[in-house]
Every structure is written in C-alpha cells, then in structure tokens.
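Worksheet: the structure to be examined is printed underneath.
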Ligand code: TYM
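In full-length UniProt numbering, the protein residues as written are 15 to 351.
Put into structure tokens, the structure is as follows:
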C-alpha cells in the first residue's frame with residue numbers, strides 16, 4: 015500500500031489555505047484504494063513559534079475538529095498528535111546527528127528570519143531559537159518514521175520535503191549497509207492551489223494576518239473577512255481580469271471549472287467588486303456551512319476528540335515502536351536480536 019502522510023502545526027486557526035493546500039487533498043487521497051493515511055497535529059512544531067500554552071491547546075482542538083469535520087474517517091486513517099508518539103522526537107535526534115549544519119543554514123524559514131534581523135540592523139540570530147533552526151529535521155522525522163511515500167502539502171513545504179529526502183538518503187547510506195531503512199518521500203502538490211493567496215494577495219498565512227478562517231467566527235466571519243480582500247480600483251461596468259485578481263483565485267480554488275469560467279465571464283463583463291465579494295461569500299458559505307455544523311458540534315465535545323487522538327496514537331505507536339528499535343540497533347544504541 016501507498017502511505018500518505020501530512021501534518022498541520024497547532025499554532026493558529028485553520029484557514030482556507032490549509033484546507034485547499036493540505037486538508038482537502040489529503041482526505042481525498044485517504045479515500046483512494048490501497049492508501050494508508052497518516053494525518054497528525056504537529057504540536058511540537060507549534061512550540062517553535064508560539065509560547066502561549068493556551069493558544070497551542072486551543073489550536074490543537076480547532077485543527078483536530080477541522081480534520082474530522084472535513085471528513086477524515088478515524089477508523090480508516092491513523093490520526094494522532096505528534097507529542098503522543100515519543101519515538102518521533104527520538105528519531106529527530108538521531109537524524110539531527112546525520113544532518114549537516116550547512117543544510118539547515120539553507121532553510122527558507124530560518125534564512126527569512128535572519129534576513130529580517132539584518133534588515134533591522136540587529137544581530138543575525140536575534141530571537142531565533144534552535145527549534146526554528148532544526149525545524150526541518152523534526153519534520154523529516156515525522157515523515158520518515160512512517161515511511162511515507164506521498165506528502166500532500168502547499169508549495170511552502172517543498173524545500174522541507176527535499177530536505178527530508180536528503181536526510182533519509184544520508185542515513186541509508188551511513189547506516190544501511192545495503193538496507194534502505196527509510197523510503198524517500200515524494201511531495202504531492204496541486205499546482206492550482208499550491209499557494210492560495212490571502213486578503214492582500216500574498217500567500218494566505220497566519221504570520222501575515224491575511225487569512226480567511228475556515229470555520230471560526232461562524233457564518234458572519236466569512237463575509238467580514240471577504241469584505242477586506244484588496245481589489246484594484248476598477249469601477250462597476252469596467253472589464254476586470256479574473257486571473258490578475260486574488261479574489262478570483264480564491265473562488266477558483268473552491269469551484270468547478272464551469273463555475274470558475276462563468277465567474278471569469280461576469281468579471282470581464284464588468285461585475286463590480288462589491289458583487290464579486292458577495293458571490294464569493296455565498297459560494298464559500300454553501301460549501302462550508304454543512305462542515306461548520308460538524309465542526310461546532312465537535313468543538314463542544316473535546317472528550318470525543320481526545321478519545322479519537324488516543325486511539326490514533328496507539329495505532330501510530332504500533333508501527334513506531336518496533337521501527338524505532340530497528341533504528342536504535344542500526345546506529346549501535348542496542349544490540350541486534
Ligand atoms: P502549516 O501548519 O504552516 O500549514 C499546514 C499545511 O497547509 C499548507 N498551507 C497552504 N497551502 C496553500 N496555500 C496557502 N496559503 C497555505 N498556507 C498553508 C501548508 O503548505 C501545509 O501543507 N511544517 C508544516 C507542518 C508539518 C508537516 C510535517 C507537514 C510538520 N510535520 C510532516 C507535512 C509532513 C507546517 O508548518 O505547515
């Protein structure tokens with residue numbers, strides 16, 4: 015069977031970008047025949063950028079409820095919390111010891127933080143913790159622990175996937191002795207939604223504060239957020255280029271090709287931006303309302319979510335425990351049988 019795996023960092027409220035870039039393709043993949051799916055809450059990753067315990071706990075609940083509301087079947091999928099599988103940080107340490115520092119120096123997220131500091135005339139590494147620096151190694155451990163073949167993610171994760179492959183290859187080469195301990199994972203990207211734009215046209219991201227929340231805030235939050243989408247100054251009656259508009263790109267990510275073609279035509283015919291926003295809002299509401307209902311009832315029942323995660327952790331550890339033992343043997347920490 016093909017193994018499909020993906021995770022979401024529990025440091026914020028799930029938004030349309032998380033859904034279109036990762037959750038929706040992951041759930042579709044989990045329904046394919048001959049697929050074993052592993053979806054998880056990356057709560058250790060959350061500590062890198064969030065030191066508010068309540069935010070992390072709340073986000074964990076929101077993200078778990080989002081996966082379930084979006085149709086994840088916990089009977090079929092191994093659905094767990096990263097921190098319930100202690101073999102993952104253990105593997106992360108062993109992988110840390112085969113990873114060249116130079117590889118981490120090249121990571122986009124780390125480099126972007128350094129560049130920001132330099133631009134502000136601060137010390138390059140000011141405010142950067144070691145978690146941020148070695149973030150891609152923990153992510154490699156997430157993926158390699160379950161020998162995932164396919165990892166559905168948005169474009170911002172491609173470099174992390176390349177690093178996971180690099181680290182897997184190094185380990186196999188150094189300790190394999192002819193055996194391939196780790197499978198080299200492939201990225202699964204849907205080019206159409208690999209970078210869903212946010213309100214201001216940049217990538218939708220909690221760090222840019224430009225997100226449209228999936229469910230939080232109820233039915234009111236959707237039109238409110240959409241009213242803040244930045245558009246050009248073309249008046250009603252003037253022709254608009256759909257493909258130059260991030261409002262349209264958001265619509266397209268949630269529409270059939272026919273629906274998108276129709277909207278493109280209406281914009282070209284001079285539909286005003288106010289009406290375009292109303293159209294986007296009502297379209298998204300028709301898709302998200304039934305899921306939001308599930309989400310709200312799950313959020314009211316955190317005990318049920320906890321039970322699901324505990325059962326998922328047990329399934330995950332059934333694989334992780336014996337595999338980690340083999341890895342310990344491979345590196346000489348335990349004697350082989
Ligand atoms: P995170 O939590 O930032 O985002 C979760 C997923 O959502 C995707 N995404 C987007 N896709 C399209 N357009 C956007 N605007 C957009 N914003 C976010 C991300 O690409 C991601 O797929 N490091 C990961 C979490 C992680 C992980 C893993 C993923 C930890 N371990 C192992 C896969 C496999 C992250 O912080 O994603």
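For glycine and all other residues, C-beta sits at the position ideal for the given N, C-alpha and C.
query = Taking 7 Å as the cut-off, is the CB of residue 22 close to at least one heavy atom of ligand 1?
reply = On the chain shown, position 8 is the one that residue 22 refers to. The nearest non-hydrogen atom of ligand 1 is less than 7 Å from the C-beta of residue 22.
message = Quick check: does the Cβ of residue 177 come within less than 7 Å of any heavy atom belonging to ligand 1?
response = What you label residue 177 is simply residue 163 of the chain shown in a count that begins at 1. For residue 177, the CB stays at least 7 Å from every heavy atom of ligand 1.
Residue 260 CB to nearest heavy atom of ligand 1 below 7 Å = Taking the first residue of the chain shown as 1, we reach residue 260 at position 246. Checking every heavy atom of ligand 1 against the Cβ of residue 260, none is found closer than 7 Å.
Nearest to residue 219 (by Cα), restricted to the options 21, 16, 25 and 20 = Counting from 1 along the chain shown, the entry for residue 219 is found at position 205. The option with the nearest alpha carbon to residue 219 is 25.
query = Looking at residue 358 and ligand 1, is the gap between the Cβ and the nearest heavy atom below 7 Å?
reply = The chain is shown only over 15 to 351; residue 358 falls outside these bounds and no answer can be derived.
Simplified DSSP assignment, three categories, for residue 141 = Locating residue 141 in the chain shown gives position 127, counting from the first residue. Residue 141: coil per DSSP, three-state reduction.
ask   = Any idea what DSSP makes of residue 166, helix, strand or coil?
value = Counting from one through the chain shown, the residue named residue 166 turns up at place 152. Correct three-state label for residue 166: strand.
task = Look up residue 84 in the DSSP assignment and say whether it is helix, strand or coil.
result = Along the chain shown, one-based indexing puts residue 84 at 70. When DSSP states are grouped into helix, strand and coil, residue 84 belongs to the coil group.
ask   = Alpha carbon to alpha carbon, what distance is there between residue 249 and residue 93?
value = Locating residue 93 in the chain shown gives position 79, counting from the first residue. Locating residue 249 in the chain shown gives position 235, counting from the first residue. Residue 93 and residue 249 have their C-alpha atoms roughly 48 Å apart.
query = Which class does residue 14 belong to by DSSP, given the choice of helix, strand or coil?
reply = Nothing about residue 14 can be reported from this structure: the residues present for the chain run from 15 to 351 only.
key: Alpha-carbon to alpha-carbon, residue 83 and residue 311   = Sequence index remark: in the chain shown, residue 311 carries index 297 (1-based). Sequence index remark: in the chain shown, residue 83 carries index 69 (1-based). So the alpha carbons of these two residues sit roughly 9 Å apart.
request  = For residue 232, count neighbouring C-beta atoms within 10 Å of its own C-beta (all shown protein chains included) and say buried if the count is 16 or more, exposed if not.
outcome  = The count along the chain shown starts at 1 and reaches residue 232 at position 218. Burial call: exposed.
key: Alpha-carbon to alpha-carbon, residue 116 and residue 301   = Here residue 301 corresponds to residue number 287 of the chain shown, with the count starting at 1. Here residue 116 corresponds to residue number 102 of the chain shown, with the count starting at 1. One C-alpha to the other measures close to 45 Å.
message = Which of the three DSSP states is assigned to residue 129 in this structure?
response = Taking the chain shown and counting its residues from 1, the one referred to as residue 129 is at position 115. Residue state, collapsed to three classes: helix.
ask   = Between the Cα of residue 54 and the Cα atoms of 314, 77 and 43, which residue gives the shortest distance?
value = Indexing the chain shown from 1 puts residue 54 at position 40. Taking only the C-alpha atoms, the option nearest residue 54 is 77.
request  = Mark residue 113 as exposed unless 16 or more other C-beta atoms lie within 10 angstroms of its C-beta, in which case mark it buried.
outcome  = Here residue 113 is taken as the residue at index 99 of the chain shown, counted from 1. Residue 113 comes out buried.
inquiry  = Quick check on the burial criterion: 16 or more other C-beta atoms within 10 angstroms. Buried or exposed for residue 107?
reply    = For the purposes of this step, residue 107 is taken as the residue at position 93 of the chain shown. So residue 107 ends up on the exposed side.
inquiry  = Please return the same chain residues whose Cβ sits closer than 6 Å to the Cβ of residue 169, not counting the five positions on each side in sequence.
reply    = Your numbering for residue 169 matches position 155 in the chain shown. Taken in chain order, the residues that qualify are 208 and 209.
ask   = Do you know whose CA, among 185, 201 and 262, lies nearest residue 195's CA?
value = The residue labelled residue 195 in the question sits at position 181 within the chain shown. Closest by C-alpha distance to residue 195, out of 185, 201 and 262, is 185.
request  = Specify whether the segment 248-265 and the segment 276-287 touch according to this definition: at least 3 beta carbon pairs, one from each stretch, less than 8 Å apart.
outcome  = Counting Cβ pairs under 8 Å, three or more are found: they touch.
ask   = Taking the runs of the alpha helix (DSSP H) that are 4 residues or longer, which of them lie wholly in the segment 225-306?
value = Those alpha helix (DSSP H) runs which fall completely within the segment 225-306 and span 4+ residues are 232-241, 260-267 and 271-282.
key: Three-pair Cβ contact test at 8 Å for the segment 161-177 versus the segment 129-144   = At 8 Å Cβ cutoff, the stretches do not touch.
message = Under 7 Å: does the beta carbon of residue 32 sit that close to some heavy atom of ligand 1?
response = By one-based count along the chain shown, residue 32 stands at place 18. Inclusion of residue 32 in the 7 Å shell around ligand 1 follows from its C-beta lying nearer than that to a non-hydrogen atom of the ligand.
For residue 149 and residue 96, believed in contact at Cβ under 8 Å, the rounded distance = Position 82 of the chain shown, counted from the start, is the residue given in the question as residue 96. Position 135 of the chain shown, counted from the start, is the residue given in the question as residue 149. Contact doesn't hold; Cβ gap of about 13 Å is too wide.
query = Is any heavy atom of ligand 1 found at a distance shorter than 7 Å from the C-beta of residue 159?
reply = Counted from its first residue, the chain shown places residue 159 at position 145. Every heavy atom of ligand 1 is 7 Å or more from the Cβ of residue 159, so no.
key: Unbroken beta strand (DSSP E) run spanning residue 94, endpoints   = Locating residue 94 in the chain shown gives position 80, where the first residue counts as 1. Counting along the chain, the unbroken beta strand (DSSP E) around residue 94 starts and ends at 92-95.
query = Going by alpha carbons, who is nearest to residue 121 out of 271, 171, 236 and 292?
reply = The residue you call residue 121 lines up with position 107 of the chain shown. It is 171 whose Cα lies nearest to the Cα of residue 121.
query = Closer than 7 Å: is that where the CB of residue 266 sits relative to any heavy atom of ligand 1?
reply = Within the chain shown, the letter at position 252 stands for residue 266. In this structure, the C-beta of residue 266 stays at least 7 Å away from each heavy atom of ligand 1.
message = Is residue 97 a contact residue of ligand 1, with contact defined as CB to any heavy atom under 7 Å?
response = Taking the first residue of the chain shown as position 1, residue 97 is located at position 83. No, the Cβ of residue 97 stays beyond 7 Å of every heavy atom of ligand 1.
Spatial distance of residue 214 from residue 225 (CA atoms) = Residue mapping note: residue 214 aligns to position 200 of the chain shown, counting from 1. Residue mapping note: residue 225 aligns to position 211 of the chain shown, counting from 1. Cα atoms of residue 214 and residue 225: separation of roughly 9 Å, rounded to the nearest angstrom.
ask   = Based on the DSSP secondary-structure assignment, which residues constitute the bridge partners of residue 53?
value = On the chain shown, position 39 is the one that residue 53 refers to. BP columns for residue 53 point to 20 and 93.
ask   = Which one of 135, 75, 177 and 79 has the shortest CA to CA distance from residue 123?
value = To locate residue 123, count along the chain shown from 1; it is residue 109. Considering only alpha carbons, the answer is 177.
ask   = Are there three or more Cβ pairs, one per stretch, closer than 8 Å when the segment 290-306 is compared with the segment 237-246?
value = Short answer: they touch.
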